[in-house]
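Take a look at the structure below.
Residue numbers (the working numbering): 1 to 250.
Next up, the structure:
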């Protein structure tokens with residue numbers, strides 16, 4: 001709870017048995033989270049069993065693997081159903097430290113920003129934390145492109161550590177988005193389309209064996225998805241196209 005506002009952490013999980021409990025413990029150590037929602041995307045390990053053993057946790061299971069974007073969509077829908085005022089997504093693979101939760105929640109709960117990202121680039125430690133050079137270079141190029149085309153001023157668009165106010169989350173056309181990883185990028189484009197500011201906090205980078213990461217080919221597909229999303233945004237802004245992701249005001 002933060003100033004009377006319910007704080008819900010959502011965890012889109014897939015084969016996260018090795019790191020889920022550690023992530024959960026650190027989330028609850030912040031003493032600010034009312035509920036953890038774990039949405040399992042048909043894991044083949046003990047993720048569901050472990051999640052169901054954790055206090056103050058609601059577990060939802062996809063019977064088949066529906067993809068990272070579809071998992072997030074379920075996370076956010078359930079969080080709103082639970083009456084969340086502030087929703088923070090924390091990956092259960094411990095790639096993003098939950099120690100930043102108080103800062104992110106405060107920025108949203110105090111009305112400073114309706115959306116906050118944990119940026120791995122802002123503090124300059126992305127490479128030191130183990131981000132591969134090719135991934136870092138792609139991140140920098142896609143972020144520059146997105147800032148130019150979308151009109152944003154972010155240090156990166158590709159962090160999975162993010163939080164939203166209830167009011168903003170309820171306005172986003174999430175059903176129009178991809179079921180795959182580009183969902184992340186589409187959401188930020190939609191936030192900017194609505195004219196909302198996005199805040200950032202510096203987030204340490206942590207790449208290790210158990211941390212989930214998409215392979216090179218899927219990263220390429222994700223990159224082209226980001227390029228396309230920004231292009232559609234620009235065409236819609238100019239009145240040259242229509243998209244359910246970027247609806248015009250009635």
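Ideal Cβ placement from N, Cα and C applies to all residues, glycine included.
Exercise for the section: Could you pull out every unbroken beta strand (DSSP E) segment of at least 3 residues lying fully inside the stretch 141-179, listed in chain order? Expected result: 162-165
Practice task
Would you check if the stretch 129-141 and the stretch 177-185 touch, i.e. whether three or more CB-CB distances between them fall below 8 Å?
Solution key: no
Handout entry: Pair within 7 Å by beta-carbon distance, residue 251 and residue 93
Key = Coverage of the chain is limited to positions 1 through 250, which leaves residue 251 absent and any answer about it impossible.
Handout entry: Beta-bridge partners of residue 117, as assigned by DSSP
Key = Locating residue 117 in the chain shown gives position 117, counting from the first residue. Answer by DSSP bridge pairing, in chain order: 162 and 200.
Exercise for the section: Please state if the CB of residue 190 and the CB of residue 245 are separated by a distance shorter than 7 Å. Expected result: Counting from one through the chain shown, the residue named residue 245 turns up at place 245. Counting from one through the chain shown, the residue named residue 190 turns up at place 190. Yes, these two residues count as a Cβ contact at 7 Å.
Practice task
Could you spell out the range, first to last residue, of the beta strand (DSSP E) harbouring residue 89?
Solution key: In the chain shown, the residue the question calls residue 89 occupies position 89. Residue 89 -> beta strand (DSSP E) spans 86-89.
Exercise for the section: With distances taken Cα to Cα, identify the nearest neighbour of residue 142 among 8, 242, 43 and 229. Expected result: As a first step, residue 142 must be located in the chain shown, where it is residue number 142. Considering only alpha carbons, the answer is 229.
Exercise for the section: Note down, in chain order, each residue of its chain lying with its Cβ closer than 8 Å to the Cβ of residue 192, except the 5 sequence neighbours on either side. Expected result: On the chain shown, position 192 is the one that residue 192 refers to. Same-chain partners within the cutoff: 150, 151, 152, 198 and 233.
Handout entry: Any 3 or more C-beta pairs closer than 8 Å across the stretch 34-49 and the stretch 108-119
Key = no
Handout entry: Which listed residue (187, 226, 101 and 82) has its alpha carbon closest to that of residue 138
Key = Here the question's residue 138 lines up with position 138 in the chain shown. Comparing Cα positions, the closest option is 226.
Practice task
Take every Cβ of the stretch 80-98, pair it with every Cβ of the stretch 161-169, and state whether three or more of those distances are shorter than 8 Å.
Solution key: yes
Handout entry: Which residues DSSP lists as bridging residue 13, in chain order
Key = On the chain shown, residue 13 is found 13 positions in, with the first residue counted as 1. DSSP, once it has assigned bridges, lists 40 as partnering residue 13.
Practice task
Would you please verify whether the beta carbon of residue 228 is less than 7 Å from any beta carbon of chain C?
Solution key: In the displayed structure, chain C is absent; only one protein chain is listed.
Practice task
Please determine, among 68, 30 and 8, the residue with the shortest C-alpha to C-alpha distance to residue 214.
Solution key: Residue mapping note: residue 214 aligns to position 214 of the chain shown, counting from 1. When each option's Cα is compared against that of residue 214, the closest is 68.
Handout entry: Whole-angstrom distance between residue 236 and residue 247, CA atom to CA atom
Key = Counting from 1 along the chain shown, the entry for residue 247 is found at position 247. Counting from 1 along the chain shown, the entry for residue 236 is found at position 236. So the two alpha carbons sit approximately 8 Å from each other.
Practice task
Please classify residue 52: is it buried, with 16 or more other beta-carbons within 10 angstroms of its beta-carbon, or exposed?
Solution key: Residue mapping note: residue 52 aligns to position 52 of the chain shown, counting from 1. Exposed, by the Cβ-count rule.
Exercise for the section: Taking 7 Å as the cut-off, decide whether the C-beta atoms of residue 206 and residue 95 are in contact. Expected result: Your numbering for residue 206 matches position 206 in the chain shown. Your numbering for residue 95 matches position 95 in the chain shown. For residue 206 and residue 95, yes; Cβs fall inside 7 Å.
Handout entry: beta strand (DSSP E) segment containing residue 59, residue limits
Key = For this step, residue 59 is matched to residue 59 along the chain shown. Looking at the DSSP string, the run of the beta strand (DSSP E) that includes residue 59 is 57-62.
Practice task
Go ahead and label residue 44 buried or exposed: buried means 16 or more other beta carbons lie within 10 angstroms of its beta carbon, across all protein chains shown.
Solution key: For the purposes of this step, residue 44 is taken as residue 44 along the chain shown, with counting starting at 1. Its Cβ having fewer than 16 others within 10 Å, residue 44 is exposed.
Problem - Through-space distance from residue 99 to residue 71, alpha-carbon basis - result: Here residue 71 corresponds to residue number 71 of the chain shown, with the count starting at 1. Here residue 99 corresponds to residue number 99 of the chain shown, with the count starting at 1. Looking at the two C-alpha atoms, the distance is approximately 23 Å.
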